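Okay, so here's the structure we're looking at.
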Amino acid sequence: TQRFATWREMAPALALTLGVGLLVAFVKPSSMAPAAPLLLAWLAAPAVVDWLSRPKRQRPITLTTEQQLRLRRVARHTWLFYERFVGPEDHWLPPDHFQEAPRQQIAHRTSPTNIGFLLLSTVAARDLGYVGVPDLATRLGSTIDAIEALEHSRGHLLNWYDTRTLAPLAPRYISTVDSGNLAACL
Numbered sequence: 496t497q498r499f500a501t502w503r504e505m506a507p508a509l510a511l512t513l514g515v516g517l518l519v520a521f522v523k524p525s526s527m528a529p530a531a532p533l534l535l536a537w538l539a540a541p542a543v544v545d546w547l548s549r550p551k552r553q554r555p556i557t558l559t560t561e562q563q564l565r566l567r568r569v570a571r572h573t574w575l576f577y578e579r580f581v582g583p584e585d586h587w588l589p590p591d592h593f594q595e596a597p598r599q600q601i602a603h604r605t606s607p608t609n610i611g612f613l614l615l616s617t618v619a620a621r622d623l624g625y626v627g628v629p630d631l632a633t634r635l636g637s638t639i640d641a642i643e644a645l646e647h648s649r650g651h652l653l654n655w656y657d658t659r660t661l662a663p664l665a666p667r668y669i670s671t672v673d674s675g676n677l678a679a680c681l
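Given below as structure tokens:
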């Protein structure tokens with residue numbers, strides 16, 4: 496990585512700071528006290544820039560076999576939700592949730608956050624070997640087709656849709672949080 500600036504490149508700024516300080520000291524010495532904090536900050540700027548531009552030292556994270564297996568189980572369990580509940584009957588859009596008790600019930604509504612997590616999980620499922628490339632292409636293509644079929648407002652997805660009919664749900668609004676979650680997942 497390259498540093499932001501070298502001391503040689505910062506020399507003109509340092510000289511200018513010293514020059515301004517000397518000018519203030521000779522022209523209006525009474526202004527030196529109020530000007531001193533600003534001049535000192537200006538003088539310290541190259542050191543601060545140098546310190547901030549240093550690359551971070553990061554230790555590689557190594558997981559134990561038990562941690563790796565636990566993460567794999569969580570990933571597989573998460574993917575099973577999408578594998579079980581995302582399909583043609585819901586236009587390849589994810590449900591908001593599945594309620595197990597007191598009776599099994601699926602919420603046939605979705606949001607941009609849910610859609611983003613589905614897309615991200617689908618790619619992760621491919622990376623982890625849970626789906627092959629043809630299944631990945633079918634799933635992503637079908638979900639993108641459904642997204643394009645949804646009603647938009649000025650290019651934005653609304654916050655809630657019925658996954659069976661693709662109709663927007665009331666109240667109709669755009670959520671910046673959900674839109675941001677979708678953008679982050681993409």
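In this note's numbering, each number is its position in the sequence shown, counted from 1, plus 495.
Beta carbons are placed, not taken as given, at the ideal position from N, Cα and C, and that holds for glycine.
Bear in mind that the values here come from a model prediction, so they are computed numbers and not experimental data.
For the alpha helix (DSSP H) containing residue i, name the first residue and the last one.
i      : result
Val672 : Thr671 to Cys680
Leu558 : Where Leu558 is concerned, there is no enclosing alpha helix (DSSP H), given that its DSSP letter is neither H nor E.
Pro524 : Counting along the chain, Pro524 falls outside any alpha helix (DSSP H), and DSSP gives it neither H nor E.
Arg621 : Pro607 to Asp622
Sort the options by Cα distance to residue i and report the nearest one.
i      : options                           : result
Ser606 : Ala506, Gln562, His572 and Pro663 : Pro663
Leu511 : Thr671, Glu578 and Leu534         : Leu534
Pro532 : Leu614, Gly516 and Ile556         : Gly516
Leu588 : Pro597, Gln594, Ala596 and Leu615 : Leu615
Leu623 : Arg571, Arg598 and Ala632         : Arg571
Could you check if residue i is buried or exposed, using at least 16 other CB atoms within 10 Å of its CB as the buried criterion?
i      : result
Leu513 : exposed
Tyr656 : buried
Thr560 : exposed
Glu504 : exposed
Thr496 : Note that Thr496 scores 45 on pLDDT, short of 50, meaning its location in the model is unreliable; the coordinates nonetheless yield the value given after this. Exposed: under 16 other Cβ atoms inside 10 Å.
Val569 : exposed
Thr660 : exposed
Arg552 : exposed
Leu653 : buried
Trp546 : exposed
Report back the beta-carbon spacing between residue i and residue j to the nearest angstrom; my notes put them in contact at under 8 Å.
i      : j      : result
Pro590 : Ile601 : 5 Å
Minimum length 4: unbroken alpha helix (DSSP H) runs contained in the stretch 625 to 665
You should have 628 to 644.
In chain order, each alpha helix (DSSP H) run of at least 4 residues that lies wholly inside the stretch 561 to 595:
Those alpha helix (DSSP H) runs which fall completely within the stretch 561 to 595 and span 4+ residues do not exist here.
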